[in-house]
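Remarks on the structure that follows.
In our numbering, the protein residues as written are 1 to 207.
Laid out in structure tokens, this is it:
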């Protein structure tokens, strides 16, 4: 019997496309995917605003993390997309639909963009595609997005994609690089019944 990684690789998942992007599943066995994933998690700007429970330091760790994400995809508790340029296939970043709760029809979304892809609204475009996928293909009712207080760029991405600010959660996220102290989080939410946000100029992938 094929293992879960082979199953998730061969199982057909719709690949959201639009706004100059294509979202596909990460491939833990791909050298290019593992290297890009490691680069994204090692980026100082990512580490400034995010502190994963398990820190990734090398390619083996990156592959292990991607395999864990493949398990989540296979068991229906998460979907992790590699964000790519629709024309060239170049890897630009990551967007994930995480901690899917099918009983409450709810999930948490997160994203990051590689340094060379910043300034092109990649996060905004990818989040818009992922949200549409979550509401249509996964039939979820609610998506939540949390970012560290002070991360104004992420706040603007959330708002452009129709995620309304819902309040500040005290001490809900690890401080940068630490697992023993906490910081506040801005909580944003979007419902399937909320209006689809207007696509701003520049989402065509040419900027």
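Positions of the beta carbon are idealized from the N, C-alpha and C atoms, including for glycine.
Every value quoted in this text rests on a predicted model; they were computed, and no experiment measured them.
Nonlocal neighbours in the same chain, by C-beta distance under 6 Å from residue i, ignoring five residues either side
i: residue 144; result: 108 and 189
i: residue 9; result: Note that residue 9 scores a pLDDT of 40, beneath 50, so its modelled location is shaky; the value from the coordinates is reported in the next line. No residues qualify anywhere along the chain.
i: residue 79; result: 73 and 97
i: residue 147; result: 154 and 186
i: residue 41; result: 56
i: residue 123; result: 111, 113 and 157
i: residue 45; result: none
i: residue 241; result: The chain is shown only over 1 to 207; residue 241 falls outside these bounds and no answer can be derived.
i: residue 160; result: 124
i: residue 49; result: 148 and 151
Nonlocal neighbours in the same chain, by C-beta distance under 8 Å from residue i, ignoring five residues either side
i: residue 106; result: 100, 140, 141, 142, 143 and 144
i: residue 43; result: 112, 114 and 115
i: residue 30; result: none
i: residue 171; result: 182, 183 and 184
i: residue 173; result: 51, 146, 148, 182, 183, 184 and 185
i: residue 162; result: 131, 190, 194, 195, 196 and 197
Cross-strand partners of residue i (DSSP beta bridge)
i: residue 82; result: 24 and 94
i: residue 181; result: None, per the DSSP bridge assignment.
i: residue 165; result: 188
i: residue 17; result: 22
i: residue 109; result: 97
i: residue 46; result: DSSP lists no partner for residue 46.
i: residue 173; result: 183
Residue burial classification, residue i (beta-carbon count within 10 angstroms, cutoff 16)
i: residue 186; result: buried
i: residue 201; result: Low confidence applies here, because residue 201 scores a pLDDT of 46, under 50, leaving its location unreliable; read the following figure in that light. Exposed.
i: residue 153; result: exposed
i: residue 33; result: buried
i: residue 16; result: buried
i: residue 93; result: buried
i: residue 119; result: exposed
i: residue 69; result: buried
i: residue 207; result: Note that residue 207 scores 34 on pLDDT, short of 50, meaning its location in the model is unreliable; the coordinates nonetheless yield the value given after this. Counting Cβ neighbours within 10 Å, residue 207 comes out exposed, since fewer than 16 surround it.
i: residue 59; result: exposed
Cβ shell of residue i (< 7 Å), same chain only, five flanking positions each side left out
i: residue 166; result: 187, 188 and 189
i: residue 178; result: 51
i: residue 134; result: 97, 107, 140 and 143
i: residue 1; result: For residue 1, the predicted structure reports a pLDDT of 31, less than 50, and the residue's modelled location is therefore unreliable. The matter cannot be settled from this model.
i: residue 39; result: 114
Contact belief for residue i with residue j at Cβ below 8 Å, rounded distance in angstroms
i: residue 103; j: residue 23; result: That belief does not hold up - the Cβ atoms of residue 103 and residue 23 are roughly 26 Å apart, past 8 Å.
i: residue 28; j: residue 67; result: 5 Å
i: residue 194; j: residue 168; result: Actually they do not touch by this definition, with Cβ atoms about 21 Å apart.
i: residue 176; j: residue 47; result: 6 Å
### Message
Suppose only complete runs of 4+ residues qualify. What are the alpha helix (DSSP H) ranges in the region 113 to 159, listed by chain order?
### Response
Taking only runs of at least 4 residues, the alpha helix (DSSP H) segments lying wholly in the region 113 to 159 are 122 to 136.
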